[in-house]
Amino acid sequence: MTSPLTSWPSTPVPSAIKTLISDFYTIGAQKGDEATAAYINLFTPTAQIVQNNKTYTGRDSILEAQSGKLDHVKSRQREIRKVYSCTEAGDDLLLVGNTRVVLDTAEVLDVGFCVQLAFQETAEGWKITHCQSWSDSVELTVEMMKIVMKEKLRGGGEKGKGREKRQGSGLFAGCFGRK
Numbered sequence: 001m002t003s004p005l006t007s008w009p010s011t012p013v014p015s016a017i018k019t020l021i022s023d024f025y026t027i028g029a030q031k032g033d034e035a036t037a038a039y040i041n042l043f044t045p046t047a048q049i050v051q052n053n054k055t056y057t058g059r060d061s062i063l064e065a066q067s068g069k070l071d072h073v074k075s076r077q078r079e080i081r082k083v084y085s086c087t088e089a090g091d092d093l094l095l096v097g098n099t100r101v102v103l104d105t106a107e108v109l110d111v112g113f114c115v116q117l118a119f120q121e122t123a124e125g126w127k128i129t130h131c132q133s134w135s136d137s138v139e140l141t142v143e144m145m146k147i148v149m150k151e152k153l154r155g156g157g158e159k160g161k162g163r164e165k166r167q168g169s170g171l172f173a174g175c176f177g178r179k
């Protein structure tokens, strides 16, 4: 999330976009149906998210990308350190920062990230049209896989239910070539 320490570009960024960025990270770190609906509403109907070499287009597809992302995550907090503007309008930005992830196992991981966010002003206000992220999430993926493997060894609840959900997960989809 942005803070007084966030370094903004000299190009003016509309305050509504700054608020949208804050909402994007705050709501994106919350669990539950209400948070998911609010998160999806931050995007235009034809928006794209690119992550792990996979592109998700449209709100339904973005919902699929988010599915299972917070499984085994107790909390996730982002700190945006630097923002670059790709346009004079301040509606296409590159954000650089750090994510602190606390897993259900109490493991704490810090992961650097870079995200490109493009915005469009609509009748409902500013919305995200494009989001592409880069990070070195190998350590996070390894820790998440440890949790998944422990669950499988213990039986993991209802047989087959957890497995199907994880196969559609955005976190593991790109890492293992699954859809």
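Take 1 as the starting number for the sequence shown in UniProt numbering and just add one per residue.
By construction, the Cβ of each residue, glycine as well, lies at the ideal position given by its N, Cα and C atoms.
Contacts around residue i, its chain only, beta-carbon distance under 6 Å, and the 5 residues preceding and following it disregarded
{"i": "residue 70", "result": "31"}
{"i": "residue 168", "result": "Summary for residue 168: the model assigns pLDDT 39, below 50, so the residue's position carries little reliability; its value from the coordinates is reported in the next sentence. The residues are 67."}
Residue i versus residue j - alpha carbon distance
{"i": "residue 13", "j": "residue 119", "result": "11 Å"}
{"i": "residue 79", "j": "residue 7", "result": "11 Å"}
{"i": "residue 121", "j": "residue 34", "result": "24 Å"}
{"i": "residue 126", "j": "residue 150", "result": "43 Å"}
{"i": "residue 137", "j": "residue 19", "result": "26 Å"}
{"i": "residue 107", "j": "residue 62", "result": "27 Å"}
{"i": "residue 91", "j": "residue 21", "result": "11 Å"}
{"i": "residue 16", "j": "residue 152", "result": "45 Å"}
Cut-off 8 Å between Cβ atoms - residues of its own chain near residue i, not counting five sequence neighbours on either side
{"i": "residue 3", "result": "79, 80"}
7 Å CB neighbourhood of residue i in its chain, flanking five on each side removed
{"i": "residue 9", "result": "83, 84, 85"}
{"i": "residue 129", "result": "44, 47, 118, 119, 120"}
Integer-rounded CB distance, given that residue j should sit under 8 Å from residue i
{"i": "residue 38", "j": "residue 27", "result": "5 Å"}
{"i": "residue 101", "j": "residue 109", "result": "5 Å"}
{"i": "residue 99", "j": "residue 147", "result": "That pair is no contact at about 18 Å."}
First through last residue of the beta strand (DSSP E) which encompasses residue i
{"i": "residue 181", "result": "Because the chain spans 1 through 179 in this model, residue 181 falls outside it and cannot be assessed."}
{"i": "residue 47", "result": "43-51"}
- Please determine if the region 51-64 and the region 77-90 are in contact, where contact requires at least 3 C-beta pairs separated by less than 8 Å. no
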